[in-house]
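First residue of the sequence shown: 100, per the numbering used here; consecutive thereafter.
For each residue, glycine too, the CB sits at the ideal point set by N, CA and C.
Remember, predicted model here, so these are calculated numbers, not experimental data.
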Amino acid sequence: MDSNFQTNLKKYANLAVNVGLNLQPGQKLIMQALKYGGVPIQIAPLVREIATSAYQAGAPLVDVLWRDDDLNLIRFKHAPRDSFEEFPAWQSKGILEVIENGGAMLSISAFDPDLMAGQDPDLLSQQQTAIRKYWKPISTHIGKNTMNWTVLSIPVAGWARKVFPDLPAGEQEAALWDTLFKICRIYEEDPVAAWKAHLIKLGKRSEYLNQKAYQGLHYTAPGTDLRIGLPEGHVWISAGFKTQSGIPFTANIPTEEVFTLPDRRLTEGTVSSSRPLAYSGNVINNFSLTFKEGKVVDFSAEQGEQVLGSLLKVDPNASMLGEVALVPNSSPISQSGLLFYNTLLDENASCHLALGSAYQFSIKGGEKLSTEEFNARGGNISLVHEDFMVGSGEMNIDGLLPDGNTEPVMRDGEWAFNL
Ligand code: ZN
Ligand code: ZN
Numbered sequence: 100m101d102s103n104f105q106t107n108l109k110k111y112a113n114l115a116v117n118v119g120l121n122l123q124p125g126q127k128l129i130m131q132a133l134k135y136g137g138v139p140i141q142i143a144p145l146v147r148e149i150a151t152s153a154y155q156a157g158a159p160l161v162d163v164l165w166r167d168d169d170l171n172l173i174r175f176k177h178a179p180r181d182s183f184e185e186f187p188a189w190q191s192k193g194i195l196e197v198i199e200n201g202g203a204m205l206s207i208s209a210f211d212p213d214l215m216a217g218q219d220p221d222l223l224s225q226q227q228t229a230i231r232k233y234w235k236p237i238s239t240h241i242g243k244n245t246m247n248w249t250v251l252s253i254p255v256a257g258w259a260r261k262v263f264p265d266l267p268a269g270e271q272e273a274a275l276w277d278t279l280f281k282i283c284r285i286y287e288e289d290p291v292a293a294w295k296a297h298l299i300k301l302g303k304r305s306e307y308l309n310q311k312a313y314q315g316l317h318y319t320a321p322g323t324d325l326r327i328g329l330p331e332g333h334v335w336i337s338a339g340f341k342t343q344s345g346i347p348f349t350a351n352i353p354t355e356e357v358f359t360l361p362d363r364r365l366t367e368g369t370v371s372s373s374r375p376l377a378y379s380g381n382v383i384n385n386f387s388l389t390f391k392e393g394k395v396v397d398f399s400a401e402q403g404e405q406v407l408g409s410l411l412k413v414d415p416n417a418s419m420l421g422e423v424a425l426v427p428n429s430s431p432i433s434q435s436g437l438l439f440y441n442t443l444l445d446e447n448a449s450c451h452l453a454l455g456s457a458y459q460f461s462i463k464g465g466e467k468l469s470t471e472e473f474n475a476r477g478g479n480i481s482l483v484h485e486d487f488m489v490g491s492g493e494m495n496i497d498g499l500l501p502d503g504n505t506e507p508v509m510r511d512g513e514w515a516f517n518l
């Protein structure tokens, strides 16, 4: 890698720490990827740059929960078949210790989407169940904005191969880095300033939608005719989050979405996926879900149908929606023309929905609601939060106004209103 690459890597790390987390002096930082077994050891060069930026920002301690993919494969090969609900509970406790004492959390999304293909689906789902159980208390803090957190994608070999299968092996990772730098505005003269301008633009979209207070949305596209109810007091949110203590942060890098929560009981109709979904080391592709009274009552998938079925069955609320997100088809990620097999990137290329939990902060005063109160207002609570992509250049979305009229929100995949 050349010296330009090193400079860009530093800029990327700086963006994660100063725009993503907005790490404050005195805040400890934990880097983790609990859902994937840890931060892959092969990305240590970037992790070191992030640690450098974090210490420069005044972090008293930066810690990392590492993983080695081969160790997980060894477990699947040799561990007793009835042991897949075992989990290193100390990792979850370690993360909680940092965030409950005022620290920040950086989640790393870096994995080979096909790593676990061919492994026993029952064992995979047992492992997922264990991960979700230990992730749950952390996700509760996320839903209440206890701490500043962000998610960052980092290329690894198996993933780069999946995105650029036609490039020679030696060029795939560099091509993925180049794409990532482009869509994360690293090539801009001042990436931090470019991000701030972008966040202001996104904020205007969410303000507009909040003023409208739509009662629901109607999605139409090939294979899709779906009505989603929005609860009273829902709040459209763009990248600009704030912790309960008032620290502004950006939860995803990159981010192009404006999102809120649906009333989990009010989804009706059928929606078809527009991009493959990488889930627990498998790919689910060309799938559709049919909802009645908020619940999936029928589903099919050309690829990964069994994995999709087990996702929907994780708990009773895994088959209900918890997030509605709007992203124009002209987003820079979509315009790259690439399929990323990585939800952080694919969800920012396309309108998406999430199965499972809703973020409590996406309803007015939500951070303070008890589980029962949130539930009563239509919020969904589940061990799952799985985003899936439904938007395309052929999607239209209408908003249902409180007076019963409808108006266009998106046409042919683009915003139907100018600001
Ligand atoms: Zn989203
Ligand atoms: Zn989501």
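Near residue i, which residues of its chain fall below 6 Å by C-beta distance, leaving aside the five closest residues on each side in sequence?
i	result
ALA156	VAL116 and LEU122
ASP414	SER481 and LEU482
PHE110	For clarity, residue 110 is Lys in the given sequence; the question names Phe instead. So the list reads ILE285 and PRO290, once near-sequence residues are dropped.
TRP335	SER305, LEU308, ASN309, VAL357 and THR359
Give the DSSP-derived three-state secondary structure of residue i in the structure shown.
i	result
TYR135	helix
PHE43	Summary: the structure shown does not reach residue 43, with the chain confined to residues 100 through 518, and so no result is reported for it.
GLU184	coil
GLU506	strand
GLU331	coil
GLU533	Because the chain spans 100 through 518 in this model, residue 533 falls outside it and cannot be assessed.
THR245	coil
THR278	helix
ALA209	coil
GLU356	coil
VAL489	coil
SER399	strand
GLY478	coil
ALA457	coil
Please list, in chain order, all residues of the same chain as residue i whose beta carbon is under 7 Å from its beta carbon, the five residues on each side excluded.
i	result
LEU195	PRO236 and ILE237
GLN402	VAL382, ILE383, ASN384 and ASN385
ASP167	ILE140
SER224	SER409
GLY498	LYS311, TYR313, LEU316, THR505, GLU506 and VAL508
HIS333	THR359, LEU360, SER461 and ILE462
Ligand 2 and residue i: does any heavy atom of the ligand fall closer than 7 Å to the residue's C-beta?
i	result
THR484	Before going on, a small fix: residue 484 reads as His here, not Thr. Yes, Cβ of HIS484 sits closer than 7 Å to a heavy atom of ligand 2.
By the DSSP assignment, the beta strand (DSSP E) with residue i in it spans what residues?
i	result
PHE340	339 to 341
PHE104	Careful: PHE104 lies outside any beta strand (DSSP E), inside the alpha helix (DSSP H) at 102 to 114.
TRP248	248 to 252
ALA327	In the sequence on display, residue 327 carries Ile and not Ala. 323 to 328 is the extent of the beta strand (DSSP E) around ILE327.
GLY408	It is not in any beta strand (DSSP E) - GLY408 instead sits in the alpha helix (DSSP H) that spans 404 to 411.
TYR286	Here TYR286 belongs to no beta strand (DSSP E), and DSSP marks it neither H nor E.
ILE496	495 to 499
PRO347	347 to 349
THR442	Not the beta strand (DSSP E): THR442 falls in the alpha helix (DSSP H), residues 442 to 445.
According to the neighbour-count rule (16 or more other Cβ atoms, all chains shown, within 10 Å of its Cβ), is residue i buried or exposed?
i	result
TYR286	exposed
GLY217	exposed
GLU185	exposed
ALA150	buried
LYS261	buried
ALA292	exposed
If I measure Cβ to Cβ from residue i and keep anything under 8 Å in the same chain, skipping five residues before and after, which residues do I get?
i	result
SER399	PHE386 and SER387
For the alpha helix (DSSP H) containing residue i, list its first residue and its last residue.
i	result
ASN384	Careful: ASN384 lies outside any alpha helix (DSSP H), inside the beta strand (DSSP E) at 381 to 391.
ALA150	143 to 155
THR228	220 to 242
ALA424	Taken as a continuous stretch (DSSP letters only), ALA424 belongs to no alpha helix (DSSP H), being part of the beta strand (DSSP E) at 420 to 425.
PHE175	168 to 177
> In chain order, what residues have a CB nearer than 7 Å to some heavy atom of ligand 3?
Replying inline: Among the ligands present in this structure, namely ligand 1 and ligand 2, ligand 3 is not found.
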